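*Asks:* Have a look at the structure that comes next, please.
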Amino acid sequence: MSVDAEGYGFPEHQRTLSRLMDDIRILSPAGVERAAQGWDRHARLQGLQAIHDAEKAAIHAIEKADRGPAWDEVRRNLFGLTESGQALVSWKAEHGEVGHKAEDAAFMAALGLVAGNLISPEQAKTLLRPLSEALPWLLPEENQPVA
């Protein structure tokens with residue numbers, strides 16, 4: 003297994019739910035803040051309606067493909083990491099408005115990964131884009147360092 007540009011032990015450009023959940027487990031408070039900033043930048047300032055439209059399309063596609071139980075399981079696991087009484091320390095540290103924005107970004111990214119090829123590439127990017135501020139591997143083609 004190779005190490006990607008961010009130094010993780012996943013094959014380069016691999017976008018999986020497993021990788022997302024692993025990264026959310028180790029996201030620092032600063033990473034949670036970056037995710038919240040991504041939510042502000044991409045959802046609040048540049049297209050909350052686009053996020054809602056992509057979310058609606060993804061949920062419809064998931065239900066139509068009988069992936070609803072898988073999405074429910076992902077949501078439960080993600081909620082346990084970010085919001086429950088057993089939430090991770092970094093998410094507890096950023097509880098409040100910042101934490102909620104970061105959670106929104108995380109849930110949309112998870113939804114985009116569960117929906118996968120059931121939605122258009124642009125809808126998937128719309129869902130992944132806010133969290134890609136903290137996890138650039140979600141959209142590596144949009145998060146290239148400036149030379």
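So for the sequence shown, this note's numbering puts the first residue at 3; every next one is plus one.
Backbone N, C-alpha and C fix where the C-beta goes; we use that ideal spot for every residue, glycine too.
Just so you know, these numbers come straight off a predicted model, no measurement behind them.
Since Thr84 and Ala52 should fall inside the 8 Å C-beta cutoff, what is the C-beta to C-beta distance between them, to a whole number of angstroms?
*Replies:* No, Thr84 and Ala52 are not in contact; Cβ-Cβ is about 23 Å, not under 8 Å.
*Asks:* Do Ala56 and Leu80 have their CB atoms nearer than 8 Å?
*Replies:* It is not a contact, given that the beta carbons lie outside the stated cut-off.
*Asks:* How far does the alpha helix (DSSP H) with Arg21 in it reach, from first residue to last?
*Replies:* Per DSSP, Arg21 belongs to the alpha helix (DSSP H) from 19-28.
*Asks:* Got a sec, what are the start and stop residues for the alpha helix (DSSP H) Arg77 sits in?
*Replies:* 70-84 is the extent of the alpha helix (DSSP H) around Arg77.
*Asks:* Among Lys66, Ser134, Leu129, which has the Cα closest to the Cα of Gly114?
*Replies:* Ranking the options by Cα distance to Gly114, first place goes to Leu129.
*Asks:* Take Lys58 and list the residues in its own chain whose beta-carbon comes closer than 7 Å to its own, dropping the five residues that flank it on each side.
*Replies:* For Lys58, where only same-chain residues beyond five positions count, there are no Cβ hits under 7 Å.
*Asks:* Measure the C-alpha to C-alpha separation of Glu124 and Met23 and round it to an integer number of angstroms.
*Replies:* For Glu124 and Met23, the distance between alpha carbons rounds to 23 Å.
*Asks:* Please classify Glu99: is it buried, with 16 or more other beta-carbons within 10 angstroms of its beta-carbon, or exposed?
*Replies:* Flag for Glu99 reads exposed.
*Asks:* Beta-carbon separation of Pro44 and Pro138 under 8 Å?
*Replies:* Strictly speaking, residue 44 in this sequence is His, with Pro absent from that position. Against a cut-off of 8 Å, the Cβ pair of Pro138 and His44 comes out as no contact.
*Asks:* Nearest to Ala126 by CA position, among Ile64, Gly101, Pro71, is which residue?
*Replies:* If we check each option's Cα against that of Ala126, Ile64 comes out closest.
*Asks:* Please report how far the alpha carbon of Ser122 lies from the alpha carbon of Glu105, in whole angstroms.
*Replies:* Cα to Cα, Ser122 sits roughly 23 Å from Glu105.
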